[in-house]
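Chains as they are written, first to last, in our numbering: chain A, 1 to 311; chain B, 1 to 311. Glycine included, each C-beta is placed from N, C-alpha and C at the ideal position. Because the structure is a prediction, the values reported are computed rather than measured. Below: one structure, written as structure tokens.
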């Protein structure tokens, strides 16, 4: 286990007052994984493990397919061998590719126009899970399609600590606000959106966590079976500039930015229709953009170098 | 190595007068595969290994994804480690899903409407290969999309010997003709085709083999690089009933048949536009339906129980 993970888990234990059992296992190592399933009685797997950087996936596709797709197949094989047939899967709004209409509903086509190996790997695993459920009705799988997770735990103790230059906007903004980076690069202001910058559906990670609790509750319901997909988002879109302004308000810091060229593969706008999750999971996002920015800032300002301080 | 493979290879050596080096390796076993690449200097891989029964893939999806997708990822990792970056890949017309227009050209969308894990696994590997080539221009990959391979070697020594009930029409017809099965089940005669039975583009396996020689020649050309796809078919469609009639003519045997219900997932018609392979590979099918039927019959009538006789 890397020190960053053990530090993070230590803080989870501080916050919850509960012991967290953690066994670091490479999902591609079938024997190691098998030992875990032999040692513990497992009812349901929440499958978060994956590489997740879009740009990196373009330059290292085999790593992404090996870990995200190959690793998931191994996990499913081991689960099957131990008769553990319930999974909540971390999927992504990326599987929708370029939206044909907005807001995105769960029946929107997937896989079409996924332009990078990360997005494709999420799509492929969804297809594998669907086929598995179709082949054996003892399986139940809930796939949660995350929109843009941001924020930090409200305590300020756990947050995002990307290695190197952040790939995602919120940690980038936070590092600019805390003085680690000069300014934010805004990739394009000529998109077909109100202020020309890209529009996304940002969702607070504590809401996201509660979405998993709701999915877990649902999948453990005695009569539940089959394959279900839910969008996890707030249902409304926010532009890059709106996010920057909100962060300035929440943090009291200036976030200088510079408009630069578009990134290949970026789309105008993406936001979720969240009615299905509300109806069937009794879940909806409760935190707004100011909550997201405030909690990010609390994390970043009290941990300016991420988990490094406790090393 | 199973006796059937070694018997088959023995016959290949008889026909060609050449020794065939054969090392049976599970593609999912990285270490074994690595040994092969360490022992031999390999210029290019022709990647045929896959499970290929559509119906079986629906009931055993994990096996298909493990072997076809996981196995291909392992193979690519080992190739990369040994700096072998040329592959001719056995793909399938199945990747086109339901044709939006006929004949099928290589730029027809893929992945959409692939209804079974076999077809999806072929599509997924094509996507992985495309992404790999995009990430590193030292890779060259030619994907060959087979239409419906039939026939047998003209010597009658090598042919298709399916276990149990054949999944494909030609070996089924041959087993009816030779008296191993009572009659052919024709799945539906209400398709939107001239005689109501499904239309497919059957291609002789010797033509298919020559297509691979052409692809290998192309990929070993010094200036060749990148990702190319070619259809391997004859370019014209044949209905089930036309195929039955042709087989009766070529074999001199009656092939009784019974019309039964459609199989789920079957489409009206599928045939290739073969102009790209003709132009760029200088390849085209040379054998017609009578050749296909005659060679199948020669194989089946001289080997009524497949390779069994020499066991």
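- Per the C-alpha coordinates, the member of B:154, B:126 and B:286 positioned closest to residue 142 of chain B is B:126.
- Between residue 147 of chain A and residue 231 of chain A, the C-beta gap is smaller than 8 Å, which places the two residues in contact.
- If you draw a straight line from the Cα of residue 256 of chain A to the Cα of residue 294 of chain A, it is about 18 Å long.
- With a beta-carbon spacing of about 5 Å, residue 27 of chain B and residue 49 of chain B fall inside the 8 Å limit used to define contacts.
- Between residue 296 of chain A and residue 188 of chain A, the C-beta gap is not smaller than 8 Å, which leaves the two residues out of contact.
- Using a Cβ distance threshold of 8 Å, residue 270 of chain A and residue 201 of chain A count as a contacting pair.
- Annotation for residue 270 of chain B: no beta strand (DSSP E) segment contains it, and DSSP assigns it neither H nor E.
- Judged by their CB atoms, residue 132 of chain A and residue 76 of chain A are nearer to each other than the 8 Å cut-off.
- A Cβ of chain A is located within less than 8 Å of the beta carbon of residue 127 of chain B.
- Below 8 Å, too few C-beta pairs join the region 161–172 of chain B and the region 213–225 of chain B to call them touching: fewer than three.
- Per DSSP, the beta-bridge partners of residue 142 of chain B are B:88 and B:228.
- Counting along the chain, residue 122 of chain A sits inside the alpha helix (DSSP H) bounded by residues 117–135.
- In this structure, residue 156 of chain B and residue 302 of chain B form a Cβ contact; the two beta carbons are roughly 5 Å apart against a cut-off of 8 Å.
- Scanning its chain for C-beta atoms nearer than 6 Å, with the 5 sequence neighbours on each side dropped, one finds around residue 248 of chain A the residues 255, in chain order.
- Linking residue 265 of chain B to residue 116 of chain B through their CA atoms gives a straight-line distance of about 8 Å.
- The shortest CA-to-CA distance from residue 241 of chain B to any of B:229, B:235, B:252 and B:258 is the one to B:258.
- Straight across, the Cα-Cα distance linking residue 284 of chain B with residue 93 of chain B is about 16 Å.
- Distance check between residue 274 of chain A and each of A:208, A:253, A:67 and A:139 places A:208 closest, using alpha-carbon atoms only.
- In the three-state DSSP reduction, residue 289 of chain A falls in the helix class (H, G or I).
- A check of alpha carbon separations from residue 56 of chain B across B:205, B:281, B:161 and B:165 identifies B:165 as the nearest.
- Beyond the five residues adjoining it in sequence on each side, residue 267 of chain A comes within less than 6 Å, by CB distance, of 98 in the same chain, given in chain order.
- By the neighbour-count definition (other C-beta atoms within 10 Å, threshold 16), residue 91 of chain A is a buried residue.
- Distance from the CA of residue 139 of chain A to the CA of residue 119 of chain B, rounded to the nearest whole angstrom, comes to 22 Å.
- Residue contact check for residue 120 of chain B against chain A: a CB pair falls below 8 Å.
- Of the other Cβ atoms in all chains shown, 16 or more fall within 10 Å of the Cβ of residue 219 of chain B; this residue is therefore buried.
- Residues of the region 84–105 of chain A that bring their beta carbon within less than 9 Å of a beta carbon in chain B are absent altogether.
- Around residue 286 of chain B, the same chain offers 207 as residues with beta carbons nearer than 7 Å, after the five sequence neighbours per side are excluded.
- Between residue 174 of chain A and residue 300 of chain A, the beta carbon gap of about 4 Å places them in contact (Cβ cut-off 8 Å).
- Below the 8 Å Cβ cutoff, chain A contributes 135 as neighbours of residue 59 of chain B, in chain order.
- Rounded to whole angstroms, the Cβ separation of residue 272 of chain A and residue 104 of chain A is 6 Å, and the two are in contact under 8 Å.
- The beta strand (DSSP E) runs of length 3 or more contained entirely in the region 37–67 of chain B are, from start to end of the chain, 45–47.
- Under the three-state reduction of DSSP, residue 11 of chain B is assigned to helix.
- Among the bridge pairs identified by DSSP, residue 149 of chain A is matched with A:203.
- Taking 8 Å as the cut-off, the beta carbon of residue 176 of chain B is found no closer than this to the beta carbon of residue 304 of chain B.
- Nearest C-alpha to residue 281 of chain A among A:214, A:221, A:251 and A:291: A:214.
- When the five nearest sequence neighbours on each side are left out, the beta carbons in the same chain lying within less than 7 Å of the beta carbon of residue 229 of chain B are those of 106, 143 and 145, in order along the chain.
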